[in-house]
Amino acid sequence: MVRTRAAISPTGFPHIGTIYQVLFDYAFAKKHQGRFIVRIEDTDQERTVAGAETKIFSALDWFGLSEDESIRKKGPYGPYRQSDRLPIYKKYAEELVGKGKAYYCFCTKQRLEELRNQLQKQKKVPMYDKYCRKLNSEEVKKRLQTGEKFVIRLKVPENITIKVRDELRGEISFDSDNVDDQVLLKSDGYPTYFLAVVVDDHLMKITHMVRGEEWLTSSPKIKLLYDHFQWDIPRLYHTPIIRNPDKSKFSKRQGHTNVDWYKKNGFLPEAILNYLALLGWSHPEGKELFTLTEFIALFDLKDLKPIGPIFDLPKLEWMNGQYIMKMQRSKIKDQILNYYKKYQDLRLPEDMVEKTVPLIQERIKKLADYLPLCEFFFQPPEKYEINLSSQKELFSKIVEKLQQISDWQAEELGGAMQSLASDLKVKNSEFFMALRVAVSGKKITPPLNESMEILGKTECLRRIELTIDKTANNC
RNA sequence: GGCGCGUUCGUCUAGUGGCCUAGGACGACAGGUUCUCAACCUGUAAAUCGCGGGUUCAAAUCCCGCACGCGUCACCA
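The first sequence: position 89 = 89 (full-length UniProt numbering), numbered continuously.
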């Protein structure tokens, strides 16, 4: 059975790059009727942030990428939080020492730092000098008994070639002399990432290890560990890393990496996933718009392209607009209502939102675009984007004409206004623009006649008369 | 700097030796439609397939070298 996992560090807000990873883990597991596991990697006590776990799970739920096993969903291979598995790592680290594949190291942080500085000065690669490898077992035993602080390091064989197979790139060779004697168990009793992933992935029966490309160069360490434990290594996939426009790792400085930002700006989770799916993967028929279900059916990890794509917000916005355009009206209404309530603490009147949806459906790209476009439906304009002071006469005639309309429908209105414009020999564009601004205050609005129909006769006349008053004052 | 990975329009990509004088999408631009904005329609510009060598009747596609970009070099993940 296929089992994939997302290894998430609770160190801050949910990152869009994490979702990108999770999408592939999730889709691949689902495609093969497998299980998708979320494991909390909180082995760095200093970086762990309280509350981050909750945020991660709520982000997963928002995207519809909920896991099958985790700290909140019981599974057969728990616990799923690494800080709850400390004895396990200790046991395996010691097993490695017993096998002669790892060793105790008593070097102080100061010594390591000096060593590093020294090597850097000599323009050499900063690596541990394997000092404690030379310690004999008697001495080690003695030092351990006195309670001296220690770490356990991986004993990397000298002068061999380590071959690792990455399913997207083929076989990659590393010279073991370039691989550091990695610390596996820290002096605080916590494992480092390397020990923890290998032990956990094995114990949790992970079949496909999907992780970011930033891990690629550490894969020989992983390979060595699997060999030393004599475990079967899962299939390895190093997925591309999303980039900034300048091709560096996608970061806060140059883009929006926080999932919350997308929520707050009214992006739809389906649209984001669809967009993300197209980064490094393409639909066999060249389709750009597809559902998660369709993606799951067609996706295969091996089709991923190992090139770091640049995150292009305009395309995401376009895609979001496409999703809104295709959504049922009642659903958009609910989404808008919900969105403003939740993220802007505004309770918009449901009936009015419902009426305006048909007018704005193809005009907004994000839920957050709704109010700037439709605010005038809820309150009369305070400011006017065009100076109407010379139009007093025009508006008087408009009022006169509007008052005669008995059937207040967009069509009637349009007809009446059209004929008035031609009677007065005013250009359509000018005429309607003046009226538009009088009613809404804005140059850009949904279709005028329809908008006026929704506002109603009384309100429209009120607003135009208000405009006349204001233009009169200006004179 | 060592090591590793990568390189097709501005961006996401199609492409696995002939169908490629390189296709699509976003974006840009121009025009049409139109009461504004969108939407929609039509069209234009945009990649000498990073560069240089091979192999082959034939290369974006295979091989080699170089350049550039990115990643990584912690008791962080």
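Backbone N, C-alpha and C fix where the C-beta goes; we use that ideal spot for every residue, glycine too.
{"Query": "Give me the residue from 455, 149 and 305 with the minimum Cα distance to residue 187.", "Result": "149"}
{"Query": "Per DSSP, what are the beta-bridge partners of residue 87 in this structure?", "Result": "Paired residues: none, contrary to the question."}
{"Query": "Going by DSSP, what residue range makes up the alpha helix (DSSP H) through residue 105?", "Result": "Not the alpha helix (DSSP H): residue 105 falls in the beta strand (DSSP E), residues 102 to 105."}
{"Query": "Applying the 10 Å Cβ sphere with the 16-neighbour rule, what's the burial state of residue 38?", "Result": "buried"}
{"Query": "Which same chain residues, not among the five before or five after residue 33, have their C-beta less than 8 angstroms away from its C-beta?", "Result": "1 and 2"}
{"Query": "Using DSSP with H/G/I as helix, E/B as strand and the rest coil, what is residue 80?", "Result": "coil"}
{"Query": "Nearest-angstrom Cα distance between residue 20 and residue 309?", "Result": "12 angstroms"}
{"Query": "Does residue 5 pass the burial test, meaning 16 or more other C-beta atoms within 10 Å, or should it be called exposed?", "Result": "buried"}
{"Query": "Less than 9 angstroms between the beta carbons of residue 89 and residue 164, yes or no?", "Result": "no"}
{"Query": "State the Cα-Cα distance for the pair residue 325 and residue 332, rounded to the nearest angstrom.", "Result": "9 angstroms"}
{"Query": "Output the distance between the C-alpha atoms of residue 264 and residue 467, rounded to the nearest integer angstrom.", "Result": "35 angstroms"}
{"Query": "Go ahead and pull the three-state DSSP assignment for residue 384.", "Result": "coil"}
{"Query": "Buried or exposed for residue 274, going by 16 or more other Cβ atoms inside 10 Å?", "Result": "buried"}
{"Query": "Does the Cβ of residue 360 have 16 or more other Cβ atoms within 10 Å, making it buried, or fewer, making it exposed?", "Result": "buried"}
{"Query": "Would you mind sorting residue 436 into buried or exposed? The rule is 16 or more other CB atoms within 10 Å of its CB.", "Result": "buried"}
{"Query": "Which same chain residues end up closer than 6 angstroms to residue 235 when comparing Cβ atoms and leaving out the 5 residues on each side of it in sequence?", "Result": "167 and 208"}
{"Query": "What does the alpha-carbon distance come out to for the pair residue 130 and residue 115?", "Result": "11 angstroms"}
{"Query": "Starting from the C-beta of residue 355, find all residues in its chain whose C-beta is less than 6 angstroms away, skip the five residues before and the five after it, and write them out in chain order.", "Result": "454"}
{"Query": "Nearest to residue 180 by alpha carbon, out of 190, 212 and 217?", "Result": "217"}
{"Query": "What's the C-alpha gap between residue 396 and residue 446?", "Result": "24 angstroms"}
{"Query": "Could you check whether residue 404 and residue 434 sit closer than 9 angstroms to each other, using their CB atoms as the reference points?", "Result": "no"}
{"Query": "Can you give the beta carbon distance from residue 243 to residue 311, rounded, assuming they're within the 8 angstroms contact cut?", "Result": "7 angstroms"}
{"Query": "Excluding the 5 residues preceding and the 5 following residue 59 in the sequence, name in chain order all residues of the same chain whose CB lies nearer than 6 angstroms to its CB.", "Result": "14 and 259"}
{"Query": "Answer yes if the stretch 35 to 52 comes into contact with the stretch 73 to 89, meaning at least three C-beta pairs across the two stretches below 8 angstroms, and no otherwise.", "Result": "yes"}
{"Query": "Is it buried or exposed, residue 196, if we count other Cβ atoms within 10 angstroms and call 16 or more buried?", "Result": "buried"}
{"Query": "So is residue 346 buried or exposed if we call it buried at 16+ other beta carbons inside 10 Å?", "Result": "exposed"}
{"Query": "Is the CB-CB distance between residue 212 and residue 17 below 9 angstroms?", "Result": "yes"}
{"Query": "So, residue 444 versus residue 417, is the Cβ gap smaller than 9 angstroms?", "Result": "no"}
{"Query": "How big is the Cα-Cα spacing for residue 302 and residue 27?", "Result": "13 angstroms"}
{"Query": "Assign residue 422 to buried or exposed, taking buried as 16 or more other Cβ atoms, counted over all protein chains shown, within 10 Å of its Cβ.", "Result": "exposed"}
{"Query": "How big is the Cα-Cα spacing for residue 249 and residue 44?", "Result": "22 angstroms"}
{"Query": "Is it buried or exposed for residue 111, if we count other Cβ within 10 angstroms and need 16 for buried?", "Result": "exposed"}
{"Query": "Hey, could you find the ends of the alpha helix (DSSP H) residue 329 is sitting in?", "Result": "329 to 344"}
{"Query": "Sort 321, 61, 239 and 368 by Cα distance to residue 339 and report the nearest one.", "Result": "368"}
{"Query": "Would residue 292 pass as a contact of residue 323 if the rule is Cβ separation under 9 angstroms?", "Result": "no"}
{"Query": "Taking the alpha-carbon positions, what's the residue 229 to residue 194 distance?", "Result": "13 angstroms"}
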